[in-house]
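Peer 1:
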DNA sequence: CTGTTAGCGCGTTCAG
DNA sequence: CTGAACGCGCTAACAG
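Protein chains in written order, with the UniProt record's numbering: chain A, 1 to 345; chain B, 1 to 345.
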């Protein structure tokens, strides 16, 4: 519980001036001899430079504000892991603020961060509004969005349309012609529109006999479960949930009614959460690498901070994870092998 | 992109001195008239006080360092949500550092935080070592641990022994006499020892015919899956996983071999993750409220920061979630109803 | 290469 | 109740 050591203490102990110590800490224009003396003085005192004093001068906080819609979600966790993985080696740390899925709270958080002296702000947004844009213009702080995109802002996002197309192409190839898309409101551009449109395109493109019905649900398991009856009525051969959670809710409903998946009806989803592998039957899905999104976003932010030419390559790979929940209609015989650990990880 | 406003700008615009503005911002010994003038000047300039300058003076950062073992986990997410829920209203923010499940990284993070000017440190630890204690002594910063406990440090933790006992008592009441406990290494005091011991106590206490076998696995789904054969050999009527993940791995194995749960063998777990409700059969489990742990920890930290008398009440409630995976051996007839939405949330 | 001198923006005495 | 003056700990500009 010693008195906090300052650069002055070190200077005195080393018999040099404060600026020499400061130089030692920074650009290091200093003779080898004094360098050694300072080094030892620092070691002896256990000195560490005062964060706030330094920041007050340099105007650099080495802090990145991170605004999250919520905390208790796997995808957010992955995203953060990715962000941390590139921010930390670069000497940056993150300050976390949570918006509780509210746009106004999100804006408040951004405003807050703008004055807290962070160097930049990463926002995993619930939706980019005009106010977001305004806030961005008013401050020199770089803001980078993930999850949503918008004209004139920096963002990193996975390609929802491509994900949709991927699924559409797969189901088509598996011989399906009638699908139900259990999706979310179109107010969500990424999931509600792009993902669905991509699917419909690839699934129906250039064939007359294909058809996609649409049932709207919320994002959560339960609301999907509650819409499952409606989904069932569509009489499709496959139901595609806009999210793994949605598919899981439907799967659960089918299971309770004794409807066999994939024998009687196929189910597929988007997200690639681990839980999809644990469930029976294991869920076929398009997996997103959220950790990679986080890493890309962080790298992008770092570039922004150094005014580097920002590379516009924002394609985050998608993985198709084929598991057990989709039936191949083109084969005469059913696959006989038991459920396997395929695509588990 | 205006020039950053300082307290000086406000003072000039309001026609008062800097100190008056400062007073307005803090203890407010200021006449109503000037109060109004300052208020408007602040509004006009959009002034917000400089974080670093203020901290440099007050020695209070209103920042809490949070050290996490990993980010991509549901429990950590819940914990954080809880922490945020009480820290934020108190005007504090969190700085997050991730230890990648490494003790040395965890220590490094703590050291780092100690010099970054945070007011306190919350550590969701992977294990408290002597070095942790030493670090704590060397600095005046309060450190509070969660997840693990240790003599002479502040901690908030759920009662693993009680959780174990809860499960033991339940299974006993359901008429089970032979159990396998699929647990983790005893190097983990909380999960590896306390939880198991609690279970064994309650399950066997005072009856000769009860028996508990032990099979060691890792924390993850897959390693449990790989030990499932071993578990099966024990010929017990019920298998208890130390973690829902472990139980899920075993469930999966049983499913693949066509072993019916709970008809042929029962399965139960600890944790209460949502995924346990989605799986078939839905997993009976002791649920922990990690969000509450987070809230308690944060509140405890706040008390520490204000030198309040710390209330030693650290009991975090446990919930027994009875679902479908345990068979009642005391009844002659099987329950006939289909799987239901019970205990879903 | 080095010490001296100024502030960064704010809070806080200390006279008035 | 208010303003002037000082200093938090550090970095940067300046002479030497």
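Just so you know, even glycine gets a beta-carbon here, dropped at the ideal spot from N, CA and C.
1) May I ask which residues mark the beginning and end of the beta strand (DSSP E) holding residue 287 of chain B?
2) Given that a residue counts as buried once 16 or more other Cβ atoms are within 10 Å of its Cβ, and exposed if not, what is residue 27 of chain A?
3) Check distances from the C-beta atoms of the stretch 117 to 134 of chain B to those of chain A and list, in chain order, the residues that come in under 7 Å.
4) Just the C-alpha distance for residue 284 of chain B and residue 194 of chain B, rounded to the nearest angstrom, thanks.
5) Give me the chain B residues within the contact set of residue 241 of chain A, using Cβ-Cβ distance strictly less than 8 Å, ordered along the chain.
6) Does the Cβ-Cβ distance between residue 47 of chain A and residue 18 of chain A come in under 9 Å?
7) Return no unless some Cβ of chain A is closer than 9 Å to the Cβ of residue 164 of chain B.
8) Kindly indicate which three-state DSSP category residue 132 of chain B falls into: helix, strand or coil?
9) Between the stretch 212 to 223 of chain A and the stretch 239 to 251 of chain B, can you find at least three pairs of beta-carbon atoms closer than 8 Å?
10) Quick one: Cα of residue 298 of chain A to Cα of residue 154 of chain A, how far?
11) Pick helix, strand or coil for residue 195 of chain B, following the three-state DSSP scheme.
12) Check whether the stretch 126 to 140 of chain B and the stretch 87 to 97 of chain B are in contact - that is, three or more C-beta pairs closer than 8 Å.
13) For residue 154 of chain B, which beta-bridge partners are listed by DSSP?
14) Considering Cα atoms alone, identify which of A:172, A:117, A:182 is closest to residue 207 of chain A.
15) So what's residue 65 of chain B in DSSP terms, helix, strand or just coil?
16) Along the stretch 67 to 85 of chain B, what residues have a CB closer than 8 Å to any CB found in chain A?
17) In its own chain, which residues sit with a C-beta less than 7 Å from the C-beta of residue 227 of chain B, not counting the 5 before and 5 after it?
18) Pop quiz: residue 61 of chain B and residue 118 of chain B are said to be a contact at Cβ under 8 Å. What is the actual Cβ separation, rounded to whole angstroms?
19) If I follow the unbroken beta strand (DSSP E) through residue 178 of chain B, where does it start and stop?
20) List the DSSP bridge partners of residue 213 of chain A.
21) Could you spell out the range, first to last residue, of the alpha helix (DSSP H) harbouring residue 83 of chain A?
22) Classify residue 330 of chain A: buried if its beta carbon has 16 or more other beta carbons within 10 angstroms, exposed otherwise.
23) What residue range is occupied by the uninterrupted beta strand (DSSP E) comprising residue 121 of chain A?
24) Quick one: residues in its chain with C-beta nearer than 8 Å to the C-beta of residue 244 of chain B, no 5 flanking neighbours on either side, listed in chain order?
25) Counting only the same chain and skipping the five closest in sequence on each side, list residues whose C-beta sits under 6 Å from that of residue 321 of chain B.
26) Return the residues of the stretch 271 to 300 of chain A that lie within a Cβ-Cβ distance of less than 7 Å from chain B, sorted by chain order.
27) Please report the distance separating the alpha-carbon of residue 327 of chain B from that of residue 259 of chain A.
28) Could you compute how far the alpha carbon of residue 202 of chain B sits from the alpha carbon of residue 240 of chain B?
29) Please go through the same chain and pick out, in chain order, the residues whose beta-carbon is closer than 7 Å to the beta-carbon of residue 231 of chain A, but skip the five residues on each side of it.
30) Please tell me whether residue 290 of chain B and residue 82 of chain B are closer than 9 Å, where the distance is taken between their beta carbons.
31) Output yes if chain A places a C-beta closer than 9 Å to the C-beta of residue 153 of chain B; else output no.
32) Going by CA-CA distance only, name the one from A:166, A:178, A:11 that's closest to residue 44 of chain A.
33) Whose C-beta lies closer than 6 Å to the C-beta of residue 302 of chain A among residues of the same chain, with five residues either side of it excluded?
34) Measure the alpha-carbon distance for residue 186 of chain A versus residue 192 of chain A and round it to whole angstroms.
35) Under a three-way DSSP split, which group does residue 94 of chain A fall into?
36) Give the interface partners of residue 55 of chain B over in chain A, defined as CB-CB distance under 7 Å, in chain order.
Peer 2: With the given structure in hand:
1) Start and end: 284 to 288.
2) exposed
3) 117
4) 20 Å
5) Identification of chain B residues near residue 241 of chain A by a Cβ-Cβ cut-off of 8 Å yields none; the smallest Cβ-Cβ distance measures about 13 Å.
6) no
7) Residue contact with chain A for residue 164 of chain B: absent (no Cβ-Cβ distance below 9 Å to any residue of chain A).
8) helix
9) In short, these stretches do not touch, since the Cβ pair count stays below three.
10) 12 Å
11) If DSSP states are grouped into helix, strand and coil, residue 195 of chain B belongs with the helices.
12) no
13) B:144
14) A:172
15) strand
16) 70, 71, 72, 73, 74, 76, 77, 78, 80, 81, 84
17) 182, 215, 217
18) 6 Å
19) Counting along the chain, the beta strand (DSSP E) containing residue 178 of chain B begins and ends at 178 to 183.
20) A:180
21) 74 to 87
22) exposed
23) 120 to 124
24) 269, 270, 271, 272, 273, 275, 276, 283, 285
25) 272, 285, 287, 343
26) 275, 278, 279, 280
27) 24 Å
28) 13 Å
29) 180, 182, 215, 239, 250
30) yes
31) no
32) A:11
33) 90
34) 4 Å
35) strand
36) 52
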